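Residue numbers (this note's numbering): 1403 to 1677.
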């Protein structure tokens, strides 16, 4: 796609980054605003006035008249924590995955994989991408070939797969499913836009398969507990991220146990003959 067409396609898409930077949220949560006059918002991180005011000011700057609807990629607080506050302030309709109907207590509609959601200037297709969170959805704009990825794919680094709701097998399958879409741009929930979508998707798949092999190799070397496996694999990690590295190791072990390639005995994991 040439640069002029790319610029035109993004003229009705803006974002306001929430002031919640951190190890997992990077610079903060990207809250996307789509449309001409009737604006659709994807994810609302914080309920405070600073964040809600910032979103409303961005609506005004892009020529919007009001917020029509709010969509959520998933139910983690850094993506839905301000949804009810924005709904109340703007009088918008709030949507959520049908798998989480009633979770926030103020939803107006639900959506499922394959549903088409119109907005002022285009249409989004819901793509169910479980893995990071079981109800996680990406939103695909087929005309512009843009995918809003939430936490499924980040602009920097990789996402955490936290058991028991997070599932590594589902996550890898969800990544593979995205390769079937025509995508030219990924707009993640955290970090910068990704202009090499297929390269990034394949990188994510290869990274998870590489980590899986490292888990198996650790077991072959006689390292059998989640903390010790994580310490062996993640050798240069900031202390606040250590618990999350252990969650990722656990997610890999859960997948391997489902495949009967490892077996759990107490807090220790062992290879099976199938491994």
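Note that CB positions come from ideal geometry on N, CA and C, so glycine has one too.
These numbers were taken from a predicted model, which means no experiment stands behind them.
Taking 8 Å as the upper bound for CB-CB distance, residue 1477 and residue 1550 are not in contact here, some 16 Å apart. DSSP places residue 1666 in the uninterrupted beta strand (DSSP E) bounded by 1664-1667. By the Cβ criterion, the segment 1528-1538 is in contact with the segment 1566-1581, since at least three pairs of Cβ atoms, one from each stretch, lie closer than 8 Å.
Selection 1675, 1591, 1566 evaluated against residue 1656 yields 1566 as nearest (Cα-Cα).
One thing to note: residue 1451 has its Cβ no nearer than 9 Å to the Cβ of residue 1480. With a minimum length of 3 residues, the unbroken runs of beta strand (DSSP E) contained wholly in the segment 1526-1561 fall at 1539-1543, 1548-1552.
Bounds of the beta strand (DSSP E) holding residue 1433 are 1432-1436. Contact check for residue 1439 against residue 1416 fails: the beta carbons are separated by 9 Å or more. Rounded to whole angstroms, residue 1651 and residue 1609 show a C-alpha spacing of 13 Å.
Cα atoms of residue 1456 and residue 1418: separation of roughly 7 Å, rounded to the nearest angstrom. The DSSP-derived three-state label of residue 1584 is coil. As the crow flies, the alpha-carbon of residue 1483 is around 36 Å from that of residue 1661.
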